[in-house]
Amino acid sequence: MVTNSRLLRFVHTSDVHLGAYSSSPRGREEPRGRRLEAGFEAVVDLAVDTSADLLLIAGDFFDHARITPDVVAFAVEQINRFPGTTVILPGNHDPIGPLGPYERHSLQEKAPRLMLIQEPTGEFVDFPELDLAIWGRAITVDVTEQPLASPPPRLKERTWNIAIGHGHSVDEEAQLERSLRITPTHLAESAQWDYVALGHWDVHTDVSTAGALVVYSGSPASLGDIGYGVAVVVEMGASGVHWHPHTLMLSGTNP
Ligand SMILES: [Mn+2]
Numbered sequence: 069m070v071t072n073s074r075l076l077r078f079v080h081t082s083d084v085h086l087g088a089y090s091s092s093p094r095g096r097e098e099p100r101g102r103r104l105e106a107g108f109e110a111v112v113d114l115a116v117d118t119s120a121d122l123l124l125i126a127g128d129f130f131d132h133a134r135i136t137p138d139v140v141a142f143a144v145e146q147i148n149r150f151p152g153t154t155v156i157l158p159g160n161h162d163p164i165g166p167l168g169p170y171e172r173h174s175l176q177e178k179a180p181r182l183m184l185i186q187e188p189t190g191e192f193v194d195f196p197e198l199d200l201a202i203w204g205r206a207i208t209v210d211v212t213e214q215p216l217a218s219p220p221p222r223l224k225e226r227t228w229n230i231a232i233g234h235g236h237s238v239d240e241e242a243q244l245e246r247s248l249r250i251t252p253t254h255l256a257e258s259a260q261w262d263y264v265a266l267g268h269w270d271v272h273t274d275v276s277t278a279g280a281l282v283v284y285s286g287s288p289a290s291l292g293d294i295g296y297g298v299a300v301v302v303e304m305g306a307s308g309v310h311w312h313p314h315t316l317m318l319s320g321t322n323p
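What follows is the structure in structure tokens.
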């Protein structure tokens, strides 16, 4: 039962991979790295232009833990351009913990509206003013983790409950060779969430099942050579949950 008729809007992205090529001799002038930065700029533009309440980044925001201070400064500048709240879930490229980038660079000190999910066993980020709770499990360097396994019950105090995860959706329970597995059982158990924002795949993919809305946003500027990126716009209101992929035009780059 929807008790709050206020429209909630968020932009869902993942696999931004900032800093992927910044250790090349050309540093941040490396064109492939510039494309990744242009992709994130386009995502922030989308969040600003659509007056989104939240920007969700479902893992692999940074490419690795050795990112340089200028890459961090770029990330902070972009996050601060968005007047809403940005939520980052650490992924396998930017894991939580001493071997990841977030302990080396304290982003939250420089980006006051940023919320970082930090708990590997899972935590809720609660937004009472939006009547929303977000649950997610921060990825560490342990790739045997299962991002959506055994979730807690949704917060019944909030009309809207979404989950955020970073991992591989696998077709079979026994497909053990993949990292960060999200199994058919986990997808079925995700029916309790109003939306599940996934990352780890740079190609936009809808893996929803009959009961659960589960979407990979896709990268805003994939590491491959396709000339565009995608982000997802999600709206929740009196008429339910609606989402659509949005093609990002990467200005100033030459894909
Ligand atoms: Mn990943």
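Numbering follows our numbering, in which position 84 of the sequence shown is assigned residue number 152; successive positions increment by one, without gaps.
Note that beta-carbon positions come from the ideal geometry of N, C-alpha and C, so glycine has one too.
Check: Same chain only: Cβ atoms within 8 Å of T189, ignoring 5 sequence neighbours per side; Outcome: R205
Check: For T79, the residue or residues it bridges with in DSSP; Outcome: This sequence places Val at residue 79; Thr is not what is there. Paired residues: L123, V301.
Check: The stretch 184-201 contacting the stretch 103-113, beta-carbon criterion three pairs below 8 Å; Outcome: no
Check: Three-state secondary structure assigned by DSSP to H85; Outcome: coil
Check: Among A231, L255, V298, the one whose alpha carbon lies nearest that of E241; Outcome: L255
Check: Run of the alpha helix (DSSP H) containing H254, from where it starts to where it stops; Outcome: 252-257
Check: Near ligand 1: H173 beta-carbon under 6 Å from a heavy atom; Outcome: no
Check: Three or more C-beta pairs below 8 Å linking the stretch 213-226 and the stretch 173-181; Outcome: no
Check: Outcome for P323 when other beta-carbon atoms lying within 10 angstroms are tallied against a minimum of 16; Outcome: For P323, the predicted structure reports a pLDDT of 44, less than 50, and the residue's modelled location is therefore unreliable. The matter cannot be settled from this model.
Check: G159 beta carbon near ligand 1 (any heavy atom closer than 6 Å); Outcome: yes
Check: P252 to V275 span [Cα, whole Å]; Outcome: 10 Å
Check: Where F129 falls: helix, strand or coil (DSSP); Outcome: coil
Check: Check: D270 C-beta below 6 Å from any heavy atom of ligand 1; Outcome: no
Check: Beta-carbon contacts of G165 that lie in its chain and below 6 Å, excluding the five residues immediately before and after; Outcome: T208
Check: Residues of its chain near G20, where Cβ-Cβ distance is below 6 Å and the 5 sequence neighbours each way are ignored; Outcome: The chain is shown from 69 up to 323; residue 20 falls before or after that span and cannot be answered.
Check: Residue closest to G233, alpha-carbon to alpha-carbon, out of P196, K224, L281; Outcome: L281
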